[in-house]
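A.B. asks: The numbers in my numbering rise by one with no breaks, and the one at position 149 of the sequence shown is 1614.
Before I ask anything, here is the structure I am working with.
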Amino acid sequence: MQNRQNEIIIPENPVSHFLFTSTKSAAIWLIIRLYVGYSWITAGWKKIQSDSWTGDAAGGAIQGFVKGSLAKAAEGKDVTGWYAWFLENVVLPNAKVFGFFVAYGEVLVGLGLILGCLTGIAAFFGGLMNVSFLFAGTVSTNPLLFIFATWLVLAWKVAGWYGLDRWALSYLGTPWTRKSRDGVLPMNK
């Protein structure tokens, strides 16, 4: 362990290095990425094709889902009070908008993971949706998908190696490594 100017630097253990830094682990992440991506894209595609999500009756599916969650909250089961408040006062009045967000969000997360494009960001938003569904009292595959999403977020540097991230991350860079027009890193200003 080293201490340099208010920094504590602890060498990474070999397992973490292999999983989260080495491209040798990319095949593992490809399998997880494809499984999670397929789960999201198929769920989202079904919603996009459904009238109660994005068609003439858009918002109907969300309203039914939210009302079920609110009933669980009223019984004191599975849904906490603050999340029930959010569902009742934010989601329910805007059910149509949330229907489109969920349906198209699921497809976009699935595409991002399958293509390996901005994998960490796609996995983060997939995990956010999983947590939202869990808070609303729906278990299903959400715990498993949330765990995989969390792992993909941690492995963002190599999870998209067999995908578009291999080139996209090199081209786009990261906010902490991009140089400004005057050649100075943003953190050094």
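All residues carry an ideal CB built from backbone N, CA and C; glycine is no exception.
Within the continuous beta strand (DSSP E) that includes residue 1474, where are the two ends?
C.D. replies: 1472-1474
A.B. asks: Between the Cα of residue 1551 and those of 1601, 1608, 1488, 1616, spot the shortest distance and give me the residue it belongs to.
C.D. replies: 1601
A.B. asks: DSSP three-state label for residue 1545, please.
C.D. replies: coil
A.B. asks: Just how far apart, CA to CA, sit residue 1590 and residue 1638?
C.D. replies: 20 Å
A.B. asks: For residue 1559, report the span of its alpha helix (DSSP H) as first-last.
C.D. replies: Boundaries for residue 1559: no alpha helix (DSSP H) harbours it, and the DSSP string shows neither H nor E there.
A.B. asks: With C-beta atoms as the reference, is residue 1560 less than 8 Å away from residue 1514?
C.D. replies: no
A.B. asks: Rounded to whole angstroms, what's the CA-CA distance from residue 1500 to residue 1596? Just pull it up for me.
C.D. replies: 18 Å
A.B. asks: Out of 1605, 1566, 1614, 1607, which has the shortest C-alpha to C-alpha gap to residue 1586?
C.D. replies: 1614
A.B. asks: Among the residues of its own chain, which have a CB less than 7 Å from the CB of residue 1572, if the five just before and after it don't count?
C.D. replies: 1506, 1509, 1510, 1513
A.B. asks: For residue 1567, which option in 1553, 1593, 1471 has the closest C-alpha, if you only look at C-alpha atoms?
C.D. replies: 1593
A.B. asks: Write down the C-beta distance between residue 1575 and residue 1584 rounded to the nearest angstrom, noting that I regard them as a contact closer than 8 Å.
C.D. replies: With a Cβ gap of about 12 Å, residue 1575 and residue 1584 do not count as contacting.
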